[in-house]
Amino acid sequence: MGSPQQRALLAALLLRDGRMATAAQLIDALWGDDPPSQALAAVRTYASRLRKALGPGVLVTEAGGYAIRMPSEALDLTHAEDLAAGAEKARVEGDLQRARTLLNQALTQWDGEPLASVPGPYADTQRTRLEELRLQLLETRLDLDLEQGCHAEAVSELTALTAAHPLRERLRELLMLALYRSGRQAEALAVYADTRRLLADELGVDPRPGLSELQQGILRADPALAEPVTAPPEPVAAPVRPAQLPATVPDFTGRAAFVSELSDVLATAEGRVMAVSAVAGIGGVGKTTLAVHVAHASRTRFPDGQLYVDLQGAGPRSAEPEAVLGAFLRALGTPDPSIPETLEERAALYRTLLDGRRVLVLLDNARDAAQVRPLLPGTEGCATLVTSRVRMVDLAGAHLVDLDVMSPEEAMQLFTRIVGEERVGSEREAALDVVAACGFLPLAIRIAASRLAARRTWTVSTLAAKLADERRRLDELQAGDLAVKATFELGYGQLEPAQARAFRLLGIADGPDVSLAAAAAALDLCEDDTEELLEALVDTSLLESAAPGRYRFHDLLRLYARSCAERDEQPPAERTAALARLLDFYLATAAGVYALERPGDRTVDHLERTARPGLSFTDRGTALDWLYAEAECLLAAVRQGERCGSRRSAVDLLMAAKALAETGVCARRYEAAATALRDAAALDGDPRVEARARLTLSLVHSTAGRFTAAEQEARRALALADAADDPWVRCNAPNDLGIIALYEGRHAEGERYLGDSIAAFRADGNRPGEASALCNLSRIQLAAGRTETAVRLAEEGVAIYDRIGLTLRLANGRYALGMALTQAGRLTEALDQLTEALAVFRESRQRLWEGMSLFRLAEAHLTAGRPARSAALAEQALVALREIGGPWRRGGVLTLLGRSLARLGQSDRARACWAEALVIYEELGSREADEVRSLLSPAAVA
């Protein structure tokens with residue numbers, strides 16, 4: 047929202063609740079008694095910019111002043127006040143639990159300091175008011191905690207709050223009461239003594255009467271202070287009984303032996319720990335139809351419900367067990383806040399909920415046994431049916447069923463039931479020809495029969511003649527995933543030429559889906575014409591509309607579309623051209639996102655030139671949303687570019703989309719794409735592509751904490767720089783090697799690398815790159831004990847970022863400066879720098895650097911003598927780095943957490959943290975292991 051003063055103007059208008067503010071009032075709000083000479087003009091400029099940013103009708107001008115017109119619920123303050131009012135109403139009505147819930151929701155509207163970094167006297171006043179409101183709500187909620195008997199749980203929070211607000215007597219009073227009700231009378235009286243002494247020393251006053259009366263009540267063990275009578279428990283809701291089975295088909299035919307076999311296995315579930323039946327067979331053989339039919343027939347044996355999921359194992363993106371378990375837990379009545387994060391925790395809760403219940407679980411279209419295992423119930427009484435295209439011989443204890451195609455008799459029965467006895471009876475030979483052409487595959491028979499049933503003017507012979515044409519069906523109709531291709535041919539043959547071309551070319555792309563803009567690029571058409579074609583394909587069921595503006599193929603239809611492209615797309619080079627256009631679009635758009643996120647960085651000047659501009663964005667948030675939403679499509683395009691001769695554009699797309707590696711989004715696929723490009727380029731002798739691919743791999747490895755692998759890739763990239771004649775590699779490879787050397791304690795070597803990097807960035811005119819290397823060199827100097835030099839270098843880097851007006855890169859600079867200032871003992875400045883860096887990293891979704899900023903903040907607070915705050919931040923860092931950063935970084939956080947806990951007197955817990963860190967360092971062979979061993983020595987803990 048622009049400059050600090052512009053944000054101050056916005057805040058002043060928002061907090062007036064739609065009332066008009068005159069220009070004089072706004073000038074006073076922004077500058078107080080010392081406005082600049084052009085204050086009125088500045089206010090008008092800020093208002094004009096805000097009007098554009100907020101859109102029409104939001105910021106209005108009235109009688110020489112300004113007002114913001116927007117729904118009251120759009121403001122978080124109004125929402126918090128409404129929630130607080132609802133909490134008070136619930137409390138009056140005796141619904142204390144709801145009152146607590148509403149107050150907690152109100153408190154979540156605060157996210158850090160209100161109006162942070164907003165200048166001006168009005169903002170200062172409002173900050174104080176909003177903080178006071180937050181504390182009042184917090185006190186009310188804690189009071190409710192005590193009313194409901196949660197005194198033991200409240201002690202920890204009240205201890206921290208009284209430390210943060212030592213003169214706030216209401217918090218002291220609540221802490222005394224919580225301690226007294228927890229059986230800690232002496233501590234409660236000690237809190238009173240501390241409070242009395244503090245008030246006398248700081249303010250020269252005695253505690254207020256309420257606090258003194260509480261002390262007297264504690265001394266005489268006043269029964270009125272006893273724990274309140276616990277309210278009767280709320281009625282326990284009846285267990286949720288899911289009924290998720292899809293509808294069974296009314297014309298289910300044959301399979302009598304299989305139905306009997308599977309039903310018998312399910313009947314034994316009550317006496318077996320794991321009754322699992324796995325049905326395997328080729329695509330379209332009727333696995334799902336059979337499983338659903340058997341499940342419906344067995345429902346009475348499972349009165350506590352039935353769960354169902356399509357695991358999408360035959361598609362490019364099979365369902366993740368974590369997501370499936372989340373859906374199952376919700377279906378079993380678990381509220382979202384109670385659903386754990388990790389796969390192991392979700393699986394454990396899932397098995398717990400199923401214990402003692404009789405539930406049938408149908409896992410359809412599984413990829414393999416590994417996908418299925420976390421989804422299996424763990425106790426007797428439950429049963430699982432699994433369908434898959436692979437035979438699950440490695441699924442322990444499973445009853446395996448191999449499902450083959452139908453017999454000719456069963457195939458005819460199915461065809462007749464769908465088409466009708468009258469039409470089939472008069473053309474029995476033609477009907478036999480139809481089912482034979484379908485390879486007796488149930489899905490092919492069903493689709494063919496349904497089309498015939500929908501066309502009353504067709505005869506069975508008409509359909510048989512169409513299927514007899516070799517051009518309209520696969521030579522190997524019964525082979526795997528292509529089993530229904532002949533049926534798709536019927537729909538494809540009715541398409542207009544432009545529709546058929548779109549169907550063919552879009553099927554070539556490997557991405558899980560495609561946006562309208564990307565499809566337009568691949569087809570070389572405008573978006574309006576493209577949308578008309580794609581919607582026509584949706585209408586004919588040859589394409590699915592995944593969401594507004596996004597389209598996807600069913601997995602079998604995608605394969606069919608590709609076969610059509612190989613057969614029909616002329617000249618064949620058009621297929622390669624379509625993929626090149628798609629890659630070009632992704633590269634242009636990703637480069638724009640990179641430039642918006644990192645203005646001034648000359649990386650974009652070293653990318654392949656594109657023939658089309660790509661999408662453009664006005665703000666970083668929208669740009670990043672696009673990048674993360676398109677991550678899998680981008681990486682699929684990179685892999686196809688590597689195979690189709692567009693390796694330079696492919697590797698440059700990886701460079702432009704480096705945020706995917708830095709944030710851990712699709713990290714494995716990003717690494718696989720970079721590895722494939724590296725190997726292909728090395729084989730073909732393309733040093734430019736190989737060097738760039740190796741540097742992207744170095745980033746992936748470094749982000750994951752694999753520093754040895756990262757160094758190997760960066761060294762090889764640097765060795766290729768001259769052969770590649772690539773200034774981008776000359777700049778970035780030594781920068782990466784310098785920071786890796788820092789991590790591994792090779793300070794002199796790192797200093798040499800970073801000196802080379804600074805010189806290369808300067809020669810390239812890349813000021814942000816120069817600033818990055820300066821900040822990295824600052825960290826080298828800091829590790830070598832040259833603190834003043836470290837501060838100076840980091841300040842130089844930050845100054846460059848400031849002049850350019852960067853955000854994300856400036857956060858990297860503030861991170862380095864914060865570290866240096868911490869070691870220099872300038873702790874207030876260090877905390878300011880690190881806090882600002884943390885805010886930007888969170889906004890940019892940089893989870894690695896969010897976690898590391900929390901870690902550095904914890905270091906600073908520990909240095910400042912605030913171990914409790916340090917421990918809380920270290921815990922947050924562990925959460926942020928849970929799935930990114932690698933074990934080495936986790937070891938550092940655990941070591942710091944142990945130091946903080948030791949300072950708090952929690953020596954046993956500190957030792958546990960250090961022991962875990964030591965295991966990590968010893969496994970890695972890291973030099974930090976010696977430091978942790980010394981911490982674990984008895985003398986150190988004592």
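Residue 53 in the numbering used here sits at position 7 of the sequence shown; the count goes up by one each step and never skips.
Even glycine gets a Cβ: it sits at the ideal position worked out from N, Cα and C.
Since this is a predicted model, take the numbers as computed values, not measurements.
Proximal residues to residue i (C-beta, below 6 Å), its chain only, five neighbours per side dropped
i	result
Leu884	Ser899
Glu134	none
Tyr168	Ala58 and Ala75
Arg474	none
Glu522	In this prediction, Glu522 scores a pLDDT of 31, lower than 50, which makes its location untrustworthy; the coordinate-derived value is nonetheless stated afterwards. Once the five neighbours on either side are set aside, Glu522 has no close Cβ partner at all.
Glu127	none
Ala963	Gly937, Leu940, Thr941 and Val978
Asn781	Ser803 and Ala819
Arg403	Asp350
Thr334	Asp410 and Thr433
Assigned exposure category for residue i - 16 Cβ within 10 Å defines buried
i	result
Ala209	exposed
Pro381	exposed
Gly48	exposed
Val735	buried
Asp732	buried
Ala525	Here Ala525 scores only 28 on pLDDT, less than 50, and its place in the model is too uncertain to base an answer on.
Asp191	buried
Gly843	buried
Val340	buried
Cβ neighbours of residue i in the same chain (closer than 7 Å, five flanking residues each side left out)
i	result
Ile554	Arg608, Ala611, Arg621, Ala624 and Leu625
Gly595	Ser561 and Leu562
Which of helix, strand or coil DSSP assigns to residue i
i	result
Thr68	strand
Ala444	coil
Asn812	coil
Leu357	coil
Ser434	strand
Glu590	strand
Asp410	strand
Ile114	strand
Arg714	helix
Ala289	strand
Glu475	helix
Thr721	helix
Val560	strand
Gln922	helix
Pro278	Low confidence applies here, because Pro278 scores a pLDDT of 44, under 50, leaving its location unreliable; read the following figure in that light. Three-state result, Pro278: coil.
Gln194	coil
Arg598	strand
Sub-7 Å separation of residue i and residue j beta-carbons
i	j	result
Arg598	Asp559	yes
Ala69	Leu55	no
Leu399	Leu378	yes
Phe887	Ala857	yes
Gly359	Arg413	yes
Ser695	Leu766	no
Glu193	Leu123	no
Ala565	Phe631	no
Val447	Val325	yes
Gly815	Gly796	no
Thr833	Ala876	no
Glu456	Gly300	yes
Ala415	Leu441	yes
Own chain partners of residue i with C-beta closer than 8 Å, once the 5 adjacent residues on each side are dropped
i	result
Cys712	Ala677, Glu678, Leu681 and Leu706
Leu950	Pro913, Ala914 and Ala917
Phe753	His747, Ile786, Tyr789, Glu790 and Trp934
Ala805	none
Closer than 6 Å: residue i CB and nearest the ligand FMN heavy atom
i	result
Gln616	This structure simply doesn't include the ligand FMN, nor any ligand for that matter.
Below 8 Å, can you find three or more Cβ-Cβ pairs linking the region 926-935 to the region 967-975? yes
Count the C-beta pairs between the region 682-691 and the region 637-649 that are closer than 8 Å, then say yes if the count reaches three, no if not. no
Evaluate contact between the region 261-270 and the region 224-242, counting only Cβ atoms and requiring at least three cross-stretch pairs below 8 Å. yes
If contact is defined by three or more beta carbon pairs under 8 Å, each pair taking one atom from either stretch, is the region 244-254 in contact with the region 307-314? no
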